[in-house]
Amino acid sequence: MRLRKRKRTEESAWRAVRRCVVFFTTICVVPVLLVLIVTTDSYMRPIKQTSFLRPQFERVEPLHGNLHNLSAVAKRLETRRLHLRKACKYLGLNVPGNDSLHKPNPWEFLVDNKHHLVWCNVFKAASTSWMYNFNILAGYSPKFLKKSKVVPLSLARQKYPRPSLHSLRKAFNNSVSFLITRHPLERLLSAYRDKLQFALPHTHHRKLGNEIIIKYRPKVKQKGVKSEKWPTFPEFVMYLLDCVKQGQPLDMHWTPITDFCTPCMFDFDVIAHTETLQEDQQYLIKRAHLE
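The opening position of the sequence shown corresponds to residue 375 in the working numbering, with each subsequent residue numbered one higher.
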């Protein structure tokens, strides 16, 4: 009798232990696995940002003039526009004011009056491809762009000067305007990897990375312990948080889109996402008659 009770007690205890193990595995290990799945699938997966004027653009799946596909994309883009308007109104960001979120910012816009195209450039959101496209539309040849050592943005600004708010508003009235967005955390991670983890020697971002390490990395006292020569992502995040708290200007590669393009202050025709960039840009090309 006592042995049975003892066995039952032991079995109950083991069941309790197993429950605890399962519980802590669920709340600790599973989220980590999910993060790993997301990072390897989403962050490490290259986004096809092919240019519409390059031969490589053939890799972009065309809509083939299918009215059903074209209509579906148009409906999705219109849903995004309505969602943006609703969110802006809910947050009170659709009313002009004196702070940066309520004041329209024309600084990053490129206005192509010849092709009636307006684009707000967001770094790390298909900006390389579309900067190339705008340079081609400006008259630069592919051969010149390939050999030129001038930064593409500098070339573009020679043809598309930074517009005034008045001229930008005027261009919006008779142009197709668009903005390409990307998940904020994905864009932030992409900027970190490109500009800090793989920063080129003797560049501004390599210097910035060294400054972040000096300020945020604790000194390793143990001998033989190696640490990265670039800032870790947590160190980068701590740096960003301090910049925001202290009101310091952010690097253009991780400045929020809300600061760059003030989307609540402009009525964009097309709001493309990197997740659906293939279809979105095909729709944009057709709508702007850039075929």
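Just so it is clear, CB atoms sit at the ideal spot from N, CA and C, and this is done for glycine as well.
Quick caveat, the model's predicted, so the values are computed rather than measured.
Residue i, DSSP secondary structure in three states
i           : result
residue 643 : coil
residue 525 : coil
residue 481 : coil
residue 541 : helix
residue 556 : coil
residue 580 : helix
residue 622 : coil
residue 633 : helix
residue 453 : helix
residue 433 : Summary for residue 433: the model assigns pLDDT 37, below 50, so the residue's position carries little reliability, and this model does not support an answer.
residue 503 : helix
residue 464 : helix
residue 593 : coil
residue 603 : coil
residue 515 : coil
residue 534 : coil
residue 546 : helix
residue 473 : coil
residue 458 : helix
residue 565 : helix
residue 652 : helix
residue 497 : coil
residue 575 : coil
residue 585 : helix
Burial state of residue i, where buried means 16 or more other Cβ atoms lie within 10 Å
i           : result
residue 555 : buried
residue 616 : exposed
residue 652 : buried
residue 472 : exposed
residue 605 : buried
residue 666 : One cannot answer for residue 666 here, as it falls past the ends of the chain, which runs 375 to 665.
residue 654 : buried
residue 602 : exposed
residue 624 : exposed
residue 483 : buried
residue 634 : buried
residue 637 : buried
residue 465 : exposed
residue 413 : With a pLDDT of 36 at residue 413, under the threshold of 50, the predicted position of this residue should be treated as unreliable, and no value is reported.
Any non-hydrogen atom of the ligand GTP closer than 7 Å to residue i Cβ
i           : result
residue 461 : No copy of the ligand GTP appears in this structure; indeed no ligand is present at all.
For residue j and residue i, the rounded distance between their alpha carbons
i           : j           : result
residue 627 : residue 497 : 5 Å
residue 558 : residue 581 : 24 Å
residue 567 : residue 585 : 16 Å
residue 546 : residue 570 : 36 Å
residue 514 : residue 535 : 16 Å
residue 462 : residue 455 : 11 Å
residue 578 : residue 614 : 16 Å
residue 446 : residue 474 : 35 Å
residue 503 : residue 609 : 30 Å
residue 648 : residue 500 : 7 Å
residue 485 : residue 548 : 11 Å
residue 612 : residue 663 : 45 Å
residue 622 : residue 543 : 29 Å
residue 524 : residue 650 : 31 Å
residue 551 : residue 539 : 15 Å
residue 512 : residue 600 : 49 Å
residue 643 : residue 593 : 51 Å
residue 493 : residue 560 : 21 Å
residue 583 : residue 562 : 15 Å
residue 487 : residue 533 : 11 Å
residue 443 : residue 632 : 30 Å
Residues of its chain near residue i, where Cβ-Cβ distance is below 7 Å and the 5 sequence neighbours each way are ignored
i           : result
residue 476 : 467, 469 and 470
residue 645 : 451, 454, 455, 458, 553 and 555
residue 491 : 549, 550 and 662
residue 572 : none
Beta-carbon proximity list for residue i, same chain, < 8 Å, skipping 5 on both sides
i           : result
residue 682 : Outside the displayed span of the chain (375 to 665) sits residue 682, for which this structure offers no information.
residue 448 : 657
Residues near residue i in its chain [Cβ-Cβ closer than 6 Å; skip 5 each side]
i           : result
residue 639 : 478
residue 564 : 498
residue 630 : none
residue 589 : none
residue 399 : Residue confidence for residue 399 is low, a pLDDT of 42 falling below 50, so the modelled location carries little weight; the figure read from the coordinates is stated next. Within the same chain, residue 399 has no close Cβ partners at all.
Residues bridged to residue i [DSSP beta-bridge criterion]
i           : result
residue 492 : 485 and 551
Proximity test, Cβ basis, 8 Å: residue i and chain D
i           : result
residue 530 : Given the protein chain composition of this structure (a single chain), no chain D is represented.
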